[in-house]
Amino acid sequence: MFIDNPTIPTQLEVVLDQLHAIRQKSATAHSVKTLLQPSGLPDVNENSSQAALHLRAARELGLAAEDADGHLRLTYPIREGKPSAKVAIIDAFDRHVLSSPDLEPWFGRIYSYVICRGETGIPSEGGLRKTLCEQFNNALPARIERTNPLNDTKLGQYVRWFTYVGLGWRDPSKRFIPDPTDRLLRSLPAIFESSRQMEAGAFMSAMALACPELDGGALFLDAADDQYRASDRVCTGALAMALRNLHDEEVIQLDCPKDSQGWSLERAGNVRDQHTLQSDRFDRVLYAEVERK
C-alpha cells in the first residue's frame, strides 16, 4: 500500500516522465534512483528512499512494470505527449484505488464516512484527526478485516491524494473540504454510456457503480452503517454540491420541477433558480457532454 509511505503525487509525475524520457535505454530501479537522487544533492545518502517509494507507487498503480529484459517501462502508450503523467496517475487511481478496497482498503471508505455523516471536512489538527480515525475504525462493520487500521499519519497522506485526484480542496485553515466535482466529471461518460438523459434513480444507481465512494456505492455502504438509506432519496452534501457545480457549468442539466419527488439536493443549501431548478429535488439529469469551463 504505497499511500502508507510519504509519496507525493507531483514526484510520482517526475518518475513517470523520466521513465518515458529514457524509454530507449536501460531503466532499472538503480538508474532511476541515480537520476532522481544523485549523490551530490543535499540530504541524499544511500538510505534515501524517495525514488524507491515512488517506483513502488508506479508499480502498484499499474503504471510501470519490468519488461522481458528486466528494464522498467511505462505500461501505457504516450502519443504526442498524451496522456500527461498526471492524467495517467488519476486514471490509474480511479481504476485501482477508488474502484476497489483491495489496494488501499481505507482510502475510499474514510472519504465515504466523512461525506455520509455530513462532517464539515477533515481537520488539519492532529488530535482531531486521530479522533476521526478512531471513530471510523470503530464504526466499520465486523465483516471488514481491520489489519493495519487507519491512523492520523495515514490520513494525512490521504488528504494529499484526495486533493490531487479531485475529491476536494483545502480551506485557508488547511481543513480538507470534500467536493467530488472533478471525480464526478471524469465519471460521467461511464455513467451515461450511450444515453444523454437519465431518470434520477437510474442516474444514482449508475453513479454508485462508477464512483463506489459516493452515495450508494459499495465503499460508501461499507462506511455508512445506519447513517444512509437510499429510500430517503437525499444526496449527501458533497454529492449535491458536485451536481450543482456541474449544472452551473452546463456540463449537466438537472431537471427539478416544482412537484418533484426525486432525489433531494437540500444538503447543499437552496439550489432553486427561475429556470430548471424550481425545487430542491431532481427528477432527471441531462448530459450536455461539453468541455468544462
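Under the numbering used here, residues 7 to 299 are what the sequence shown spells out, in order. Glycine included, every Cβ here is placed at the ideal spot set by N, Cα and C. Small disclaimer: the values here were computed from a predicted structure and weren't measured.
Just mark residue i as buried or exposed, buried being the case when its beta carbon has 16 or more other beta carbons within 10 Å.
i, result
"T13", "buried"
"T187", "buried"
"H300", "This structure cannot speak to residue 300, because the chain is shown only from 7 to 299."
"S201", "exposed"
"D75", "exposed"
"A57", "buried"
"R287", "buried"
"S118", "buried"
"S193", "buried"
"L134", "exposed"
"N251", "buried"
"G174", "buried"
What does residue i pair with, by DSSP beta-bridge criteria?
i, result
"M204", "V291"
"S105", "DSSP lists no partner for S105."
"P184", "G174"
"E19", "In the DSSP output, where bridge partners are listed per residue, E19 has none listed."
"Q283", "A small fix is needed here, since residue 283 is Leu in this sequence, not Gln. L283 pairs with C262."
"E151", "Answer is none; E151 lacks a bridge partner."
"R189", "According to DSSP, R189 bridges with nothing at all."
"L61", "L61 pairs with nothing; no bridge assigned."
Just how far apart, CA to CA, sit residue i and residue j?
i, j, result
"A182", "Q203", "Residue identity differs from the one stated: residue 182 is Phe in this sequence, not Ala. Cα to Cα, the separation comes out at about 33 angstroms."
"D108", "L78", "24 angstroms"
"Q284", "R278", "5 angstroms"
"V178", "P155", "Looking at the sequence provided, one finds Pro at residue 178 rather than Val. Cα-Cα distance, rounded: 29 angstroms."
"Q267", "R273", "16 angstroms"
"Y164", "A206", "31 angstroms"
"K160", "Q280", "45 angstroms"
"S270", "F198", "20 angstroms"
"L138", "A27", "42 angstroms"
"V291", "Q24", "42 angstroms"
"A294", "L215", "21 angstroms"
"K31", "L22", "14 angstroms"
"A70", "F99", "14 angstroms"
Compare the C-alpha of residue i against each of the options and name the closest.
i, options, result
"I96", "E19, P83, E125", "E19"
"L190", "L249, P147, L225, K180", "L249"
"A196", "E256, S105, H253", "S105"
"C217", "N143, R239, H102", "H102"
"T242", "I128, R192, F113, P184", "P184"
"D265", "Q259, T282, L252", "T282"
"R29", "Y82, G68, P15, I9", "Y82"
"A246", "P89, M210, A70", "M210"
"R239", "S90, A208, L252", "A208"
"G162", "E131, R123, Y293", "E131"
"K92", "R62, W167, N157", "W167"
If you scan the segment 89–146 from start to end, which runs of the alpha helix (DSSP H) of 4 or more residues do you find wholly inside it? As far as the segment 89–146 is concerned, its whole alpha helix (DSSP H) runs of at least 4 residues are 91–102, 113–122, 132–145.
Every unbroken beta strand (DSSP E) inside the segment 247–274 [3 residues or more]: If we require 3 residues or more, the beta strand (DSSP E) runs fully inside the segment 247–274 come out as 258–261.
Within the segment 153–179, ranges of the beta strand (DSSP E) (whole runs, at least 3 residues): Every beta strand (DSSP E) of 3 residues or more that sits fully in the segment 153–179 is shown, in chain order, as 174–176.
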